[in-house]
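Residue numbers for the sequence shown follow my numbering, so the first one is 84 and each next one is one higher.
What follows is a short report on a single structure.
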Amino acid sequence: MKKVLFIFLGLLSLTSLAQKKPALVVGIVVDQMRYEYLYKYYDRYSDKGFKRLMKEGINCTDNHYNYAPTVTAAGHASVYTGSVPAIHGIVENDWIDVASGKKVYCVDDSTVQTVGSKSKAGMMSPRNLFTSTITDQLKMAQNYKSKTIAISLKDRGSIIPGGHTADASYWYDSADGYWISSTFYMKELPTWVQKFNLEGRPQKYLNQGWNTLYPIATYTRSEEDDSPFEGKIGDEKTPTFPHDLKGKNMLEGFRKTPYGNSLLKEFALKALDEEKLGKNGTTDFLALSFSSTDYVGHAFGPQSIEIEDTYLRLDKDISEILDYLDAKIGKNQYLVFLTADHAVADNQHYLKSKRMPGGTFETEKAVSEAKEALRKEFGDVNLIVGVENNQIYLNHANMDRLRISKEVVGKILEKTFKSQPGVAEFINMREVGLSPIPAIYREILTNGYNQARSGDFMYLLRPQWVSGYKTGASHSTVYAYDTHVPLLFFGWNVKPREISVRTNISDISSTLANWLKISEPTGSIGKVIQ
Ligand SMILES: [Zn+2]
């Protein structure tokens with residue numbers, strides 16, 4: 084009898100304990116989402132998607148990235164580690180490893196194999212990430228009894244959020260339109276994933292073509308459809324609706340349609356069911372990253388009907404996810420946060436057409452002129468390993484051998500780069516603190532600098548000076564148009580509130596750690612949002 088009572092009390096305390104934590108945390112990253120998009124399309128959204136998160140949740144209206152380059156890999160790493168590239172090491176999507184001089188892709192891992200297809204797209208893992216993630220900490224705090232599943236069309240959008248301890252990270256392989264993973268996580272795909280892949284959903288979407296969700300005349304917040312500032316999908320002739328999506332290699336082109344987000348939603352709902360997320364008696368974590376917003380944004384730019392339509396459709400996908408979570412997990416039993424991995428610039432030619440400042444930076448010309456100036460001074464020795472993200476990586480081996488000082492090389496480079504149109508300042512990355520730029524940019528660049536993976540010097544471009552992108556748009560800078568992103572918390576433990584004091588992206592993981600009563604990730608520098 085005593086024993087029975089004991090077990091009963093034990094169960095009772097377990098259930099009351101369980102109520103103190105959410106059954107599930109759902110992290111949503113919307114790739115390339117500007118803060119402004121919450122409001123620009125506000126009255127076009129349904130009541131159950133973005134608007135519901137804004138009205139019933141905590142809306143941090145001045146949430147920024149606090150480092151540059153502002154790009155996908157660094158963004159996801161910073162959301163989930165509560166840190167910055169200086170510490171977590173993911174300085175860009177691609178960088179040059181300073182020690183070897185070799186180019187590295189953020190999640191490359193030659194020691195693992197693809198799981199789920201014959202392509203090489205699965206030779207990926209989180210091994211380049213120097214710190215733990217909030218998903219790792221949550222798992223560790225529960226003695227690895229909980230589940231973490233991460234999903235994104237992009238490998239880096241899935242692998243980094245899942246951290247080092249994910250049960251599975253899945254990403255999209257354009258070779259056959261499958262969700263794949265790597266041997267870092269598993270030997271073979273679960274049966275439910277294999278089945279899902281064989282349904283050929285991407286092709287079914289492509290067969291539909293892409294027309295606007297509502298009559299095109301209602302898209303009054305966007306520029307005209309046939310714009311010289313927009314790119315195209317596949318081999319279509321004009322950047323206009325309806326996009327027929329019948330060109331070559333369209334399983335890749337699929338990414339540049341809002342259907343990429345819808346496919347992710349379908350796969351996520353399936354994962355919720357099949358993995359019984361939120362039903363395992365612990366706090367599980369589902370990390371989602373919607374990438375098609377970024378692909379569409381790069382191709383068509385933020386002023387396009389395409390991007391407006393993509394957000395209106397994403398709003399529906401998000402409302403479906405929330406409805407599903409309400410039904411399966413229960414209202415207020417799960418916690419959602421939504422943010423972006425970076426925002427985006429405008430197309431510089433579009434801005435010029437509106438008499439706004441901006442321009443095209445001729446990277447190749449600038450780099451070849453810099454190399455020529457070095458050749459004139461030192462002869463035919465290779466002193467530049469590469470240029471990535473506006474950063475110049477020097478060839479230290481050659482400089483040591485020939486006893487050429489970094490200072491002298493820096494002076495020559497500074498002179499040539501400063502003579503190029505669009506250059507605001509030339510910066511020695513190890514001495515950012517001494518640069519004559521506003522303190523906030525000094526902090527942003529210092530946070531983004533990692534001695535093992537960043538360049539020696541950087542040319543800082545003026546706002547809206549962009550390399551390439553004759554059409555469409557880009558991101559990566561220190562400027563607010565790239566750093567200002569949404570941040571919404573919703574559900575478990577959340578009372579509606581608007582917070583307009585500045586928050587940083589690194590505060591997300593600290594806040595989650597505080598609410599969940601677990602340790603922060605190992606490189607955390609964030610503050611708990613009050
Ligand atoms: Zn991008």
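We put the beta carbon where it would ideally sit given N, CA and C, even for glycine.
Subject >> Residue closest to residue 585, alpha-carbon to alpha-carbon, out of 575, 596, 570 and 595 >> reply: As a position in the sequence shown, residue 585 is number 502, starting the count at 1. Here the closest residue by C-alpha is 570.
Subject >> Cβ distance (whole Å) where residue 628 is taken to contact residue 360 below 8 angstroms >> reply: Summary: the structure shown does not reach residue 628, with the chain confined to residues 84 through 613, and so no result is reported for it.
Original post:
Can you list the beta strand (DSSP E) stretches of 3 or more residues lying completely in the stretch 423-484, in chain order?
Top reply: 442-444, 467-471 and 474-477
**OP:** Would you check whether ligand 1 has a heavy atom nearer than 7 angstroms to the C-beta of residue 560?
**Re:** In the sequence shown, the residue the question calls residue 560 occupies position 477. No.
Original post:
Between the stretch 487-495 and the stretch 458-468, do three or more beta carbon pairs fall short of 8 angstroms?
Top reply: yes
Original post:
Buried or exposed: where does residue 522 fall if 16 or more other Cβ atoms within 10 Å of its Cβ makes it buried?
Top reply: Start at 1 with the first residue of the sequence shown, and residue 522 comes out as number 439. Answer is exposed; the Cβ neighbour count stays below 16.
Original post:
Quick one: does the C-beta of residue 155 sit closer than 7 angstroms to a heavy atom of ligand 1?
Top reply: As a first step, residue 155 must be located in the sequence shown, where it is residue number 72. Within the cutoff, so yes.
Original post:
What is the DSSP secondary structure of residue 191, counted as helix, strand or coil?
Top reply: On the sequence shown, residue 191 is found 108 positions in, with the first residue counted as 1. In the structure shown, residue 191 sits in a strand (DSSP, three-state: E or B).
**OP:** Indicate the three-state DSSP secondary structure (helix, strand or coil) for residue 530 in the structure shown.
**Re:** As a working mapping, residue 530 is identified with position 447 in the sequence shown. The answer is helix: DSSP assigns residue 530 an H, G or I state.
**OP:** Could I get the ranges of all uninterrupted alpha helix (DSSP H) runs contained in the stretch 339-406, with 4 residues as the minimum, in chain order?
**Re:** 342-357 and 375-383
**OP:** With a threshold of 7 angstroms, establish whether the CB of residue 145 neighbours any heavy atom of ligand 1.
**Re:** Working through the sequence shown from its first residue, we reach residue 145 at position 62. No, Cβ of residue 145 sits at least 7 angstroms from all heavy atoms of ligand 1.
Subject >> Separation of residue 595 from residue 204, as counted between CA atoms >> reply: In the sequence shown, residue 204 corresponds to position 121, counting from 1. In the sequence shown, residue 595 corresponds to position 512, counting from 1. C-alpha separation (whole angstroms): 32 angstroms.
**OP:** Kindly indicate which residue of 451, 566 and 200 has the alpha-carbon position closest to the one of residue 426.
**Re:** Indexing the sequence shown from 1 puts residue 426 at position 343. The shortest C-alpha separation from residue 426 is found at 566.
Subject >> Same chain only: Cβ atoms within 7 angstroms of residue 121, ignoring 5 sequence neighbours per side >> reply: Taking the sequence shown and counting its residues from 1, the one referred to as residue 121 is at position 38. Excluding residues within five positions, the ones whose Cβ falls inside 7 angstroms are 133, 137 and 569.
Subject >> Residue nearest to residue 338 in terms of C-alpha spacing, selected from 254, 247, 173 and 228 >> reply: Against the sequence shown, residue 338 aligns to sequence position 255. Comparing Cα positions, the closest option is 254.
Original post:
What does DSSP give as the partner residues of residue 251 in its beta bridges?
Top reply: As a position in the sequence shown, residue 251 is number 168, starting the count at 1. DSSP, once it has assigned bridges, lists 232 as partnering residue 251.
Subject >> Continuous alpha helix (DSSP H) stretch holding residue 493: start and end >> reply: Here residue 493 refers to the residue found at position 410 when the sequence shown is read from its first residue. Element bounds for residue 493: 489-501.
Original post:
Does the beta-carbon of residue 311 have 16 or more other beta-carbons within 10 angstroms, so that it is buried, or is it exposed?
Top reply: Translated into positions along the sequence shown, residue 311 becomes position 228. It counts as exposed.
Original post:
Distance, Cα to Cα, residue 510 vs residue 472?
Top reply: As a first step, residue 510 is located in the sequence shown; it is residue number 427 there, counting from the start. As a first step, residue 472 is located in the sequence shown; it is residue number 389 there, counting from the start. Using only the alpha carbons, I get a separation of about 13 angstroms.
**OP:** Measure the beta-carbon distance from residue 340 to residue 430 and round it to whole angstroms, keeping in mind my assumption that it falls under 8 angstroms.
**Re:** Counted from its first residue, the sequence shown places residue 340 at position 257. Counted from its first residue, the sequence shown places residue 430 at position 347. Not really, about 20 angstroms apart at Cβ, beyond 8 angstroms.
**OP:** Using alpha carbons as the reference points, say which of 317, 417 and 557 lies closest to residue 331.
**Re:** For the purposes of this step, residue 331 is taken as residue 248 along the sequence shown, with counting starting at 1. Of 317, 417 and 557, the residue nearest in Cα terms is 317.
**OP:** Output the distance between the C-alpha atoms of residue 140 and residue 417, rounded to the nearest integer angstrom.
**Re:** For the purposes of this step, residue 140 is identified with residue 57 of the sequence shown, where counting begins at 1. For the purposes of this step, residue 417 is identified with residue 334 of the sequence shown, where counting begins at 1. Going by the C-alpha atoms only, they are around 13 angstroms apart.
**OP:** In angstroms with no decimal places, state the Cα-to-Cα distance between residue 93 and residue 365.
**Re:** If you number the sequence shown from 1, residue 93 lands on position 10. If you number the sequence shown from 1, residue 365 lands on position 282. Bear in mind that the predicted position of residue 93 carries a pLDDT of just 47, short of 50, making it unreliable; the figure below should be weighed with that in mind. Each residue's alpha carbon lies about 16 angstroms from the other.
Original post:
Which residues in the same chain as residue 236 place their Cβ atom closer than 7 angstroms to its Cβ, once the five residues preceding and following it in sequence are excluded?
Top reply: In the sequence shown, counting from the first residue as 1, residue 236 sits at position 153. These residues qualify, in order along the chain: 254, 255, 338, 343, 347, 374 and 375.
Original post:
Can you tell me the Cα-Cα spacing of residue 455 and residue 550, whole angstroms?
Top reply: On the sequence shown, position 372 is the one that residue 455 refers to. On the sequence shown, position 467 is the one that residue 550 refers to. Going from the Cα of residue 455 to the Cα of residue 550 covers about 20 angstroms.
Subject >> Rounded straight-line distance, which links the Cα of residue 258 to that of residue 334 >> reply: As a working mapping, residue 334 is identified with position 251 in the sequence shown. As a working mapping, residue 258 is identified with position 175 in the sequence shown. Approximately 7 angstroms, taken between the alpha carbons.
Subject >> Closest Cα partner of residue 129 within the set 397, 228 and 265 >> reply: Position 46 of the sequence shown, counted from the start, is the residue given in the question as residue 129. Among 397, 228 and 265, the Cα nearest to that of residue 129 belongs to 397.
**OP:** Report buried or exposed for residue 309, applying the criterion of at least 16 other Cβ atoms within 10 angstroms of its Cβ.
**Re:** The residue labelled residue 309 in the question sits at position 226 within the sequence shown. The residue in question, residue 309, is exposed, as its Cβ has fewer than 16 Cβ neighbours within 10 Å.
**OP:** Compute the distance between the beta-carbons of residue 298 and residue 117, then report whether it is under 8 angstroms.
**Re:** Sequence index remark: in the sequence shown, residue 298 carries index 215 (1-based). Sequence index remark: in the sequence shown, residue 117 carries index 34 (1-based). It is not a contact, given that the beta carbons lie outside the stated cut-off.
Subject >> Rounded separation between residue 97 and residue 369 - CA only >> reply: Residue numbering aside, residue 97 sits at position 14 when the sequence shown is read from its first letter. Residue numbering aside, residue 369 sits at position 286 when the sequence shown is read from its first letter. Low confidence applies to residue 97: its pLDDT is 46, below 50, so where it sits in the model is not reliable enough to give any reading.
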